[in-house]
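Chemist: The listed protein sequences correspond, in order, to chains S and U.
Going by our numbering, the first residue of the first sequence is number 967, and it counts up by one from there.
Going by our numbering, the first residue of the second sequence is number 96, and it counts up by one from there.
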Amino acid sequence: MGDFFNALGDIATNESAYRNAIIAAVVLMLAASGELVAEKAGTINISLEGMILGGAFAAAIGQHAFGSVWVGLLFAMLAGIVVAWVQANMSHRLPADQFVVGLVLNVLVLGVVGFLASEIEPETNIVGRVRIPLLADIPLFGPALFDQPWVLYLVYPVVPFVWWLVYRTRWGLEVRAVGEDPNAADVSGLHVNKLRRQTIYLAGLTAGLAGGYFLFARAGQFEDSLVGGRGYIAIAAVIFGGWTMKGTVGGCILFGLVGSFVLTIPSLGYESVDPAFLAMAPNVVTILAMAFFATRVRQPSALARPFLRGLK
Amino acid sequence: MSDLGTTSTTIDEERAEVVAQARERSRRGVTVEVIGLYVICISIALALAAILVAVTGGSWTAVYTAMLDGSIINSGRIGLTIGVATPILLVSLGTIVNGRAGLVNIGQEGQLVMGACFAAFAAARLDGPGPFVLVVAMLIGVVGGALWAGIAGVLRYWRNVPEVLSTLLLTTVAANLMGWGLRKEWLLLAPASGRANRNQVSEPLPDDTRIPRVTWFGNEFPISAIVAVLLAIVLAVVLGRSIIGFRLRMLGTNPGTAMRAGVAERRYGVAAMLVSGGFAGLAGGFMLAGGDFGNYQLVANFGAGIGFAGLLAALVARQRVLIVIFVAFVFGGLRTGSGFLRATGVSGRIADVVQGLLVLALLLPPAILYVRERRRALAATSARV
């Protein structure tokens, strides 16, 4: 046990561990910010995983074909929106169950992307680091936050922008109303399912971006195990954060830290820990975190409840 | 008077006949509409997959021919398909149970792996006559799967954790636990004498603890397939004709009513999760002892997506037990069929694409019909007003 705490101490003072943690946390943050909006409107968007994976693959194709990271990111967002389009229209125009649709989409995207990747084999590479002067000189956290692949800096505008959308615009107010009491929202003239579809498109956009970011910042080369359940952890982060942006970002950072610290443990010379436990640690921590915090927060009242006007 | 009476009867009869004819016509119309919708949706799904193959330079006719050959046409392949479909069917039976209770269990893959691990552990430790060991090991597999799903059930009802997420997250945990167990000789790893060096596999089941295989019309399959179909029938009766089934359905469709009618939400909900996981665990045990998945032993990545296939089969069959038997067979066929794809030079992953597209396509018709029905009903009410 002493060994374990020594390891924790070593990790807590290890700069590259923080750097990796932030890289891992940002993919969660980008995806979770859109997911938060969708959940605020009443959808648990399980297809987030598929959106991220689709985004990562499209980004790879974009860079492979056009040689530009920007085109890659654009493709990534489009791919996320395509997945979102299916999810939104099947669960909020037609009355298919949102979990069913989401799950099927995850399986389908994995199949399509795996198939295409084995046929095309896109070649991509990690983008270079850009150091932001002064800010990057802060000890310990500075390099993690401000000396990173430049795509990471996208998170700084995106997350506050999504927060602004939800909490400071008319649209955001309507979205929150739809998630709390769809019947009241409907009576006051809001188009409930249309608003819900829009939030899913937004989730697709940010999740696709998350996939593209992850490809360019960490993976470098596309493979179909790239996302590996991060979408589900992002959803858990929203629940952990009690459906607030602050809490969600906190959850993403926590899960990112866990995910990267377990990767750092062997490289610091603590090889006695079985890799299986390291691999499952993020999921276990996520489940435990939800078990401790999920009862203390209030979810949007109409979460995961489909809305049908009139007769039920 | 009597004249009048008879005329009015004939008029009534005539009217009744006209009404009956109209009803019959509309019923036939609706059936045609339903079948037509399904045919259209399935064709679109298959066409999309074909386009995907053609775009990437493959031959889609070769792909579909190979898949048909590999799943049903070549001799003996139907038996193989039945063997593969068996665990898929069991997993979907469990999914139907939790679906009836309004719970979304999507972690069958992990529950299946856990069941297989428990069964393998028990089979390697128990002494006694083979069939006895086999039965006990399968039951222990059921317990393993049930416990794994039970975690999610307990978290759902006592800690408010959505079971959608916890079941899924637990799947990865289960896979890693198996990987860990396969590195420890006191857990699952086979003794060094029984395996190639550094191979992480469990001890193969001895001959007499394997599930017996039968041959019908040149198709060989394990008798677990028959057990699975029998279980399906039992489940259909229990869900459709018993008080327990009724209460589960009530809990799923209207928890408020269920509460007022005295259905203990936690008890029935957790029980539904346990049963669901138990079916997945049994599927894992059958995969281990059935012989259609490797050499009667655990290997890395043992689940092979069977849990997810079973889940999808239940969703496609829209929670109806007897239809699920057919769907499970189709999904089993997609897997055995994909084994023949290597000859065509197209990646075997196209089978996953076909499966996903098919599921998505099969979700559409009921949804479309529902919307149309509602629109008609609304139009009818507004016309009356």
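Yeah, the Cβ is synthetic: ideal placement off N, Cα and C, and Gly gets one too.
In this text the structure is predicted, and so the values were computed from the model without any measurement.
Ordered along the chain, which non-local residues of its own chain (more than five positions away) have a Cβ less than 6 Å from that of GLU457 (chain U)?
Modeler: Here residue 457 (chain U) corresponds to residue number 362 of the second sequence, with the count starting at 1. First, the amino acid is wrong: residue 457 (chain U) is Leu here, not Glu. VAL411, listed in sequence order.
Chemist: Report buried or exposed for ASN972 (chain S), applying the criterion of at least 16 other Cβ atoms within 10 angstroms of its Cβ.
Modeler: Locating residue 972 (chain S) in the first sequence gives position 6, where the first residue counts as 1. ASN972 (chain S) should be labelled exposed.
Chemist: Take the Cβ of GLU1129 (chain S) as the centre, count every other Cβ of all protein chains shown within 10 Å, and call the residue buried at 16 or more, exposed below.
Modeler: Locating residue 1129 (chain S) in the first sequence gives position 163, where the first residue counts as 1. According to the sequence shown, residue 1129 (chain S) is Trp rather than Glu. Burial call: buried.
Chemist: If you draw a straight line from the alpha carbon of TYR984 (chain S) to that of GLY1068 (chain S), how long is it in whole angstroms?
Modeler: The residue labelled residue 984 (chain S) in the question sits at position 18 within the first sequence. The residue labelled residue 1068 (chain S) in the question sits at position 102 within the first sequence. Spanning the two alpha carbons is a distance of roughly 33 Å.
Chemist: Mapping the DSSP letters down to three states, classify GLU315 (chain U) as helix, strand or coil.
Modeler: Numbered from its first residue, the second sequence carries residue 315 (chain U) at position 220. It is a strand residue.
Chemist: Alpha carbon to alpha carbon, what distance is there between MET209 (chain U) and LYS1278 (chain S)?
Modeler: As a working note, residue 1278 (chain S) is residue 312 in the first sequence. As a working note, residue 209 (chain U) is residue 114 in the second sequence. In this predicted model, LYS1278 (chain S) has a pLDDT of only 46, less than 50, meaning its place in the structure is not dependable enough to derive any value.
Chemist: Hey, how far is the Cα of ARG251 (chain U) from the Cα of LEU1234 (chain S)?
Modeler: As a working note, residue 251 (chain U) is residue 156 in the second sequence. As a working note, residue 1234 (chain S) is residue 268 in the first sequence. Taking the straight line joining both Cα atoms gives about 38 Å.
Chemist: Can you list, in chain order, the residues of its chain whose CB lies under 6 Å from that of ALA1004 (chain S), leaving out five sequence neighbours each side?
Modeler: In the first sequence, the residue the question calls residue 1004 (chain S) occupies position 38. The residues are ASN1011, THR1165, ILE1166 and ALA1169.
Chemist: If the cut is a Cβ gap below 8 Å, which residues of chain S does GLY402 (chain U) touch?
Modeler: Within the second sequence, residue 402 (chain U) is the residue found at index 307, counting from 1. Neighbours of GLY402 (chain U) on chain S: none; closest Cβ ~11 Å, over 8 Å.
Chemist: Could you check whether the Cβ of GLU1189 (chain S) sits closer than 8 Å to any Cβ belonging to chain U?
Modeler: For the purposes of this step, residue 1189 (chain S) is taken as residue 223 along the first sequence, with counting starting at 1. Cβ-Cβ to chain U under 8 Å: no for GLU1189 (chain S).
Chemist: Hey, is ILE418 (chain U) close to the ligand MN, as in C-beta under 7 Å from one of its heavy atoms?
Modeler: Among the components modelled here there is no ligand, and therefore nothing to report on the ligand MN.
Chemist: Are the CB atoms of VAL158 (chain U) and GLY427 (chain U) nearer to each other than 8 Å?
Modeler: Residue mapping note: residue 158 (chain U) aligns to position 63 of the second sequence, counting from 1. Residue mapping note: residue 427 (chain U) aligns to position 332 of the second sequence, counting from 1. Not closer than 8 Å, so no.
Chemist: Which residues mark the beginning and the end of the alpha helix (DSSP H) in which VAL1096 (chain S) is found?
Modeler: Here residue 1096 (chain S) corresponds to residue number 130 of the first sequence, with the count starting at 1. Run containing VAL1096 (chain S): none in the alpha helix (DSSP H); it sits in the beta strand (DSSP E), 1095-1097.
Chemist: Where ARG308 (chain U) and GLY174 (chain U) are concerned, what is the direct C-alpha to C-alpha distance, given to the nearest angstrom?
Modeler: The count along the second sequence starts at 1 and reaches residue 308 (chain U) at position 213. The count along the second sequence starts at 1 and reaches residue 174 (chain U) at position 79. Cα-Cα distance, rounded: 10 Å.
Chemist: In whole angstroms, what separates the C-alpha of PRO257 (chain U) from that of GLY239 (chain U)?
Modeler: Sequence index remark: in the second sequence, residue 257 (chain U) carries index 162 (1-based). Sequence index remark: in the second sequence, residue 239 (chain U) carries index 144 (1-based). So the two alpha carbons sit approximately 21 Å from each other.
Chemist: Quick one: Cα of VAL1078 (chain S) to Cα of VAL228 (chain U), how far?
Modeler: Along the first sequence, one-based indexing puts residue 1078 (chain S) at 112. Along the second sequence, one-based indexing puts residue 228 (chain U) at 133. The straight-line gap from Cα to Cα measures roughly 42 Å.
Chemist: Would you kindly work out how many angstroms separate the C-alpha atoms of ARG1059 (chain S) and LEU1156 (chain S), rounded to a whole number?
Modeler: Stepping through the first sequence from its first residue, residue 1059 (chain S) is reached at position 93. Stepping through the first sequence from its first residue, residue 1156 (chain S) is reached at position 190. Roughly 15 Å between the two C-alpha positions.
Chemist: Counting only the same chain and skipping the five closest in sequence on each side, list residues whose C-beta sits under 7 Å from that of LEU1161 (chain S).
Modeler: For this step, residue 1161 (chain S) is matched to residue 195 along the first sequence. Closer than 7 Å at Cβ, skipping near neighbours: ALA1007, GLU1140, VAL1141 and VAL1144.
Chemist: If you compare alpha carbons, which of U:SER371, U:GLU128, U:VAL150 and U:TRP155 is closest to LEU141 (chain U)?
Modeler: In the second sequence, residue 141 (chain U) corresponds to position 46, counting from 1. Per the Cα distances, U:TRP155.
Chemist: For THR979 (chain S) and ILE988 (chain S), I'd like the C-alpha separation in whole angstroms.
Modeler: For this step, residue 979 (chain S) is matched to residue 13 along the first sequence. For this step, residue 988 (chain S) is matched to residue 22 along the first sequence. Each residue's Cα considered, the two are about 15 Å apart.
Chemist: Compare the Cα-Cα distances from ALA375 (chain U) to each of U:ALA462, U:VAL231, U:VAL237 and U:ASP303 and report the closest residue.
Modeler: Along the second sequence, one-based indexing puts residue 375 (chain U) at 280. For the residues U:ALA462, U:VAL231, U:VAL237 and U:ASP303, the minimum Cα distance to ALA375 (chain U) belongs to U:VAL237.
Chemist: If you draw a straight line from the alpha carbon of MET354 (chain U) to that of VAL1124 (chain S), how long is it in whole angstroms?
Modeler: Counted from its first residue, the second sequence places residue 354 (chain U) at position 259. Counted from its first residue, the first sequence places residue 1124 (chain S) at position 158. So the alpha carbons of these two residues sit roughly 44 Å apart.
Chemist: Is GLY373 (chain U) buried or exposed, if buried means 16 or more other CB atoms sit within 10 Å of its CB?
Modeler: As a first step, residue 373 (chain U) must be located in the second sequence, where it is residue number 278. Label assigned to GLY373 (chain U): buried.
Chemist: Are there 16 or more other CB atoms within 10 angstroms of the CB of MET96 (chain U), so buried, or fewer, so exposed?
Modeler: Sequence index remark: in the second sequence, residue 96 (chain U) carries index 1 (1-based). Because the pLDDT of MET96 (chain U) is 44, which lies under 50, any placement of that residue in the model is unreliable, and the number read from its coordinates should be weighed accordingly. It counts as exposed.
Chemist: Pop quiz: LEU334 (chain U) and VAL416 (chain U) are said to be a contact at Cβ under 8 Å. What is the actual Cβ separation, rounded to whole angstroms?
Modeler: On the second sequence, position 239 is the one that residue 334 (chain U) refers to. On the second sequence, position 321 is the one that residue 416 (chain U) refers to. Yes, they are in contact, since the Cβ atoms of LEU334 (chain U) and VAL416 (chain U) sit about 7 Å apart, within 8 Å.
Chemist: Name the chain S residues that come within less than 8 Å of ARG278 (chain U), Cβ to Cβ?
Modeler: For the purposes of this step, residue 278 (chain U) is identified with residue 183 of the second sequence, where counting begins at 1. Going along chain S in sequence order, the residues near ARG278 (chain U) (Cβ under 8 Å) are ASP1240 and ALA1242.
Chemist: Any idea what DSSP makes of SER154 (chain U), helix, strand or coil?
Modeler: For the purposes of this step, residue 154 (chain U) is taken as residue 59 along the second sequence, with counting starting at 1. Residue state, collapsed to three classes: coil.
Chemist: Just to confirm before moving on: does the CB-CB distance between SER442 (chain U) and PHE1081 (chain S) stay below 8 Å?
Modeler: Here the question's residue 442 (chain U) lines up with position 347 in the second sequence. Here the question's residue 1081 (chain S) lines up with position 115 in the first sequence. Taking 8 Å as the Cβ cut-off, SER442 (chain U) and PHE1081 (chain S) qualify as a contacting pair.
Chemist: For a cutoff of 8 Å on Cβ pairs, would you count ALA1260 (chain S) as touching chain U?
Modeler: Translated into positions along the first sequence, residue 1260 (chain S) becomes position 294. Interface residue, yes.
Chemist: Is any beta-carbon of chain U found at less than 8 Å from that of GLY1077 (chain S)?
Modeler: Walking along the first sequence from the start, residue 1077 (chain S) turns up at place 111. Yes, GLY1077 (chain S) counts as interfacial toward chain U.
Chemist: Roughly how many whole angstroms lie between the Cα atoms of LEU1175 (chain S) and GLY1021 (chain S)?
Modeler: As a first step, residue 1175 (chain S) must be located in the first sequence, where it is residue number 209. As a first step, residue 1021 (chain S) must be located in the first sequence, where it is residue number 55. Whole-angstrom Cα-Cα distance: 6 Å.
Chemist: So ALA1203 (chain S) and VAL1224 (chain S) are supposed to be a Cβ contact under 8 Å. How far apart are they, rounded?
Modeler: On the first sequence, residue 1203 (chain S) is found 237 positions in, with the first residue counted as 1. On the first sequence, residue 1224 (chain S) is found 258 positions in, with the first residue counted as 1. Contact flag wrong, Cβ pair sits at about 11 Å.
Chemist: Does the CB of SER261 (chain U) have a neighbour CB from chain S at under 8 Å?
Modeler: In the second sequence, counting from the first residue as 1, residue 261 (chain U) sits at position 166. With 8 Å as the cut-off, SER261 (chain U) counts as an interface residue toward chain S.
Chemist: Per DSSP, LEU284 (chain U) is paired with what?
Modeler: Numbered from 1 along the second sequence, position 189 holds the residue referred to as residue 284 (chain U). DSSP, once it has assigned bridges, lists U:SER297 as partnering LEU284 (chain U).
Chemist: Within a Cβ cutoff of 7 Å, which residues of the same chain sit near GLN1187 (chain S), ignoring the five residues on either side of it in sequence?
Modeler: Counted from its first residue, the first sequence places residue 1187 (chain S) at position 221. Excluding residues within five positions, the ones whose Cβ falls inside 7 Å are THR1090.
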